Each structure stands twice: as structure tokens, then as C-alpha cells.
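Below you'll find the structure, written out as C-alpha cells, and then a few comments.
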Amino acid sequence: MNELICFWSRQASCPKHSPTSYYLPILCVRTGFDLFLRVNNFPSNSEIIMSAVNIPSMVTLVQYHQLTVIPCDIDLNSTGLTVENIEKLITDRTVAIVFAHIYGRCYDVSELIDLAEKYNLYFIEDCAESFSGFCSCNMQRQEQLDNKTSNNHQTQPPSQQRSSSIDTGIRTSSNNELNHVKLCYLGHPRSHLTLFSFGVLKFCTALGGGLSKISNYDLYMRMKTLYEKDPVQVTQQYYLNVEKYLYLYWILNAPYVTQLVMFIVRLFQLNHMEIVVERLRAFSKAQSVEQFFSSIRRQPCKSLLIFLLKRFQSYDYELINIQRQKALYVVKQLTQSNSLKFIGINSSVQNFWLFPIIVEKPDLFVKLLSKSHIDAYRGTTQLNVITKQLTDTSIVLKNSNETIPTNIGEQQMYACPTAEYLIDHVIYLPVHRLVPYNVLDQLIAVVNDTAKKIDQYAIKSKL
Numbered sequence: 023m024n025e026l027i028c029f030w031s032r033q034a035s036c037p038k039h040s041p042t043s044y045y046l047p048i049l050c051v052r053t054g055f056d057l058f059l060r061v062n063n064f065p066s067n068s069e070i071i072m073s074a075v076n077i078p079s080m081v082t083l084v085q086y087h088q089l090t091v092i093p094c095d096i097d098l099n100s101t102g103l104t105v106e107n108i109e110k111l112i113t114d115r116t117v118a119i120v121f122a123h124i125y126g127r128c129y130d131v132s133e134l135i136d137l138a139e140k141y142n143l144y145f146i147e148d149c150a151e152s153f154s155g156f157c158s159c160n161m162q163r164q165e166q167l168d169n170k171t172s173n174n175h176q177t178q179p180p181s182q183q184r185s186s187s188i189d190t191g192i193r194t195s196s197n198n199e200l201n202h203v204k205l206c207y208l209g210h211p212r213s214h215l216t217l218f219s220f221g222v223l224k225f226c227t228a229l230g231g232g233l234s235k236i237s238n239y240d241l242y243m244r245m246k247t248l249y250e251k252d253p254v255q256v257t258q259q260y261y262l263n264v265e266k267y268l269y270l271y272w273i274l275n276a277p278y279v280t281q282l283v284m285f286i287v288r289l290f291q292l293n294h295m296e297i298v299v300e301r302l303r304a305f306s307k308a309q310s311v312e313q314f315f316s317s318i319r320r321q322p323c324k325s326l327l328i329f330l331l332k333r334f335q336s337y338d339y340e341l342i343n344i345q346r347q348k349a350l351y352v353v354k355q356l357t358q359s360n361s362l363k364f365i366g367i368n369s370s371v372q373n374f375w376l377f378p379i380i381v382e383k384p385d386l387f388v389k390l391l392s393k394s395h396i397d398a399y400r401g402t403t404q405l406n407v408i409t410k411q412l413t414d415t416s417i418v419l420k421n422s423n424e425t426i427p428t429n430i431g432e433q434q435m436y437a438c439p440t441a442e443y444l445i446d447h448v449i450y451l452p453v454h455r456l457v458p459y460n461v462l463d464q465l466i467a468v469v470n471d472t473a474k475k476i477d478q479y480a481i482k483s484k485l
């Protein structure tokens, strides 16, 4: 563990990242957030403001500790929150602000932290979806990335040589400029707690594990001391997870197997994406509350820590750059319209852990793409708008079998229309570094054509 912490500390040290941060390897992001809530033991009914797009289990954690979640709406162009919206929600019961960076886009939280400091609140960053390497302002590493990009330039298609100016507002004007855009984000140096995930679906996966960056020594020591009392993850369970993921990886990357499976899927109209994604998730939806907390309140086993260190040491920055270049290649050629919009075009760091687009009639859009053998999907991530969960769940009290319904009337005061619109209309396109450019060209043509058809349908329906 010490070697892992030392490696991360060295890699993260630069003028933009505080050298006084403290690092604690954890089992997952949920573990780190739960640990933070346990050591602080906030008074019942204290309020935590959370960005409205988040995963359900983060809300469950807050409710379990008898705290109140206050959702704050997001901005589609930046994926961020505004100071004005947050300040309206702050009361004398507010204790923390939790902001989740989504889809690999990162938002500059400096003003939000200023606000938290003004009201003496904790500020927590959920970077589960945003880790894409260590500090890109390290010039030696940036030069290495530039050299790799230059060496691979001849492998790009002719269409890639054209101007990369992007009509969607993404601030990239040329391939050379693209290489120098900041590619990584390790949390703001003034955030009290920053949480990272290295689960199976992440860029830098260790098939599990996470890391918490803590800016305050007292908070770090309290979390570390309590965490050392938790049981260690059973090594055999981690091995079983690795074995399961290896089998899934083999099946998904064996062309003959995949073709047969997809033939059966389309023949019987099965929702294969839901089945696959559920198998890849670390925590099953079917878990009881007791099983959930038992599974997250564990220290990572030695094998997982060793694998985490190896992944950090061997992290290939070229891969994230290829992923980003291919995603931007698609963004440039997709046509924005009433039926197709982009997310996070003004975010400060624009990586593409997923490739989300907002469309009208998302179910129809996915169905039409499927007819052209493009497997767009809607549920690859657990992200949801938390207002739906708050008005449709019960709070399970810790140390008690009692459950109480959420106050629906009160929660309706915190409507988040932008976040709700996003979740109701988002679909995810299969755009990643392994997709050849000729296939991306086919995808672009089909998506543009589908958006055009839906636009025309909408116009006719209004006549």
C-alpha cells in the first residue's frame, strides 16, 4: 500500500496539484464516501447538496446515515453547477457539497469551492468517471504523448488530415492544438475529498479498487484509523471477479461468438446490453441494504493493491489520446439539430469515457440505429437523476429495521429539469478507440440520417 501511495503522490505532484494531499486506497468510490460520512457522524437531517446526475447508491449512502439529499441541477454545456443555484439551496443544516464529474468531462469547480469555504462546508469531488492519467502539465510526459501521436500520424485516415475546427463549441482547432489540450484531471487541490474509481468499465481498470485524495490531515487520519478496523476483502472473491471479467472479455472479443450471439439477440429482440452491463457491475442491483454495506465496508486485498500499482505504472497515455481523437472525429461530423445535441461541450477537460448524445425520441432513435446494426444503448451507466430516486424510495435507517418514506412534497421543491431532460433523452454511441475509422464513418452517416428522419417526422406531426 505504501508503494502505491508514494507512486501516486509523485505522479500527482505539480504546481496545479497540492503536494500536501494525503492518499488512501479504498475498495471503491462508495467505500470512500461512506467512510467520510462515518467519521463525521453529521447530526440527523443534516443536508448534503449533490449534483443532480449521480448514481443511486450515493444517494442511498446519504440516506442511510439519516441525512437529507438536496439535488442541484446541472448545465448541459459544461456538465457543471452554478454558484447561484447552489447558494439558493444552502441552509443552516447544510454540511457538504458533492459534485460528480460525468462521462469523462471535467468542470472547473474553483468557484464552487470558494462558495463552500464561504459557508464552511465540505466539498467533495466524485471523479469515478474522469481519471484518464496523471498530470498532463508534466512536460516530460506531455512530450512523450506528442511523440507517440506524431509517430502514429500516418495511420490516420485522409479525412483526419482536414481542419479539426468543431462547430459544436469544443475548443479544439487543429490536431496540433488537440495534443496540447489538458487530458487529465486529478481533482481540485482545495477539495476536501476527491474519489477515483478503477472498476472494470474505467479507462485505467484494475477490475476493482479506488483511491481517495484528502486535503486535510486530520480528516485523513480519522478516515484511515476507522478504515483499518474494517475487514479486508477476501482475495478469492477478487480472483473470482477477475475470472468472470476475463470470460466476458473473451466472449465479447471473439468475432464468431459475437456474431452468433447478436444474431440470436436480434432474432428474439433481447436487451443484451442490460445483461452484459449488469454482469460487469461490481455491485448487483439485487443486493439488500445489509449486503451492500457489508460489501463496501472492506479494505482492498493485497492482490488488488498490487494490480492497481501495476496499472498506474504501465498506464498508456497514447490510448486515451486515441480515444479522444476518435471521439472528436465523430463529434465534428455529426450534425447538431433539434434531434441531436452534445453534452459537456464547454467543460474544462473533455475526455470521452462514454460517448453520450441527447436525442428526441431516444427509444425510437436506438431502435432505428439497431436496424443498421449499430448498438446504441441507454443503460450502460448507473447514472440517473436523483430527484426520481428521492421521490420514489424509502430511507433505511442505520441500526434499525424501520423505514420511513421520503417527504415527496419537500423534494418536489428541488426540481432539476435539465438533469431530468438529460437522463430522459440521452443515448450512448459505440465510439471508442478500438472502432476503425471506416466503421466510424458508417456510424456517422447512419446517426445523421436517423436524426434527420426524426426531425422531419416532428415537423410533419406539427402540421
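Residues are numbered in the numbering used here as their position in the sequence shown, beginning at 1, plus a constant of 22. Glycine included, every Cβ here is placed at the ideal spot set by N, Cα and C. The structure displayed is predicted, hence computed values, not measured ones.
At a Cβ-Cβ threshold of 7 Å, Leu-376 and Tyr-125 count as neighbours. Of all C-beta pairs linking the stretch 470 to 479 to the stretch 101 to 110, fewer than three are shorter than 8 Å, placing the two stretches out of contact. Annotation: Glu-147 to Lys-224 spans about 17 Å, alpha carbon to alpha carbon.
Assignment of alpha helix (DSSP H) within the stretch 343 to 411, counting only whole runs of 4 or more residues, yields 384 to 393 in chain order. Nearest neighbour of Asn-460 by Cα position, chosen from Pro-384, Leu-412, Tyr-351, Glu-442, turns out to be Tyr-351. If you check the CB distance, Glu-382 and Ile-476 come in under 7 Å.
Sorting Val-311, Phe-387, Val-120 by C-alpha distance to the C-alpha of Val-51 places Val-120 at the top. Counting only runs of 4 or more residues that sit fully inside the stretch 85 to 112, the alpha helix (DSSP H) segments are 105 to 111, in chain order. Going by beta carbons, Cys-438 and Asp-95 fall inside the 7 Å limit.
Counting only runs that start and end inside the stretch 40 to 70, the beta strand (DSSP E) elements of at least 3 residues fall at 44 to 48.
Counting only runs that start and end inside the stretch 126 to 154, the beta strand (DSSP E) elements of at least 3 residues fall at 144 to 148. Here the alpha carbon of His-123 sits roughly 7 Å from the alpha carbon of Tyr-129. Secondary structure of Lys-266 (DSSP, three-state): helix. Secondary structure note for Ala-34: its alpha helix (DSSP H) is the uninterrupted segment 24 to 34. DSSP places Val-256 outside both helix and strand once states are collapsed to three, so it counts as coil.
A buried status is given to Ala-441, since no fewer than 16 other beta-carbon atoms sit within 10 Å of its beta-carbon.
Leu-456: not part of any alpha helix (DSSP H); DSSP gives it neither H nor E.
At the C-beta level, Thr-90 and Arg-127 stay beyond 7 Å of one another. Nearest to Gly-232 by alpha-carbon distance, out of Arg-455, Pro-458, Tyr-45, is Tyr-45. In chain order, Ile-367, Asn-368 place their CB closer than 6 Å to the CB of Asn-99, counting only its own chain and leaving out the 5 sequence neighbours on each side. Residue environment analysis places Asn-360 among the exposed positions, since fewer than 16 neighbouring C-beta atoms fall within 10 angstroms of its C-beta. Its chain contains Ala-228 as the residues whose beta carbon lies nearer than 6 Å to that of Phe-329, once the 5 sequence neighbours on both sides are disregarded; these appear in chain order. Counting only the Cα atoms, Phe-315 lies some 21 Å from Asn-67. Shortest Cα-Cα distance from Pro-211 to any of Val-254, Val-131, Gln-411, Glu-25 involves Val-131. Taking each of Gln-258, Gln-355, Leu-341, Asn-275 in turn and checking the Cα distance to Pro-322, the smallest one comes out for Gln-258. Beta-bridge pairing by DSSP links Ser-219 to Gly-232.
Secondary structure at Ile-449: strand, using DSSP grouped into helix, strand and coil. Counting along the chain, Ile-119 sits inside the beta strand (DSSP E) bounded by residues 116 to 122. Judged by DSSP in its simplified three-state form, Asn-275 adopts coil rather than helix or strand. Secondary structure at Asn-238: coil, using DSSP grouped into helix, strand and coil. Gln-321 has Val-254 as its beta-bridge partners, per DSSP. Counting only the Cα atoms, Gly-155 lies some 21 Å from Val-457.
Taking a contact as a CB-CB distance under 8 Å, the pair Ala-34 and Thr-409 does not count as one, their CB atoms being some 35 Å apart. Here Ser-73 carries a strand assignment [DSSP, helix/strand/coil]. In this structure, Val-84 sits near Ile-70, with a CB-CB distance shorter than 7 Å. Its Cα nearest to that of Thr-357, the residue Ile-379 stands out among Gln-347, Ile-379, Ser-370.
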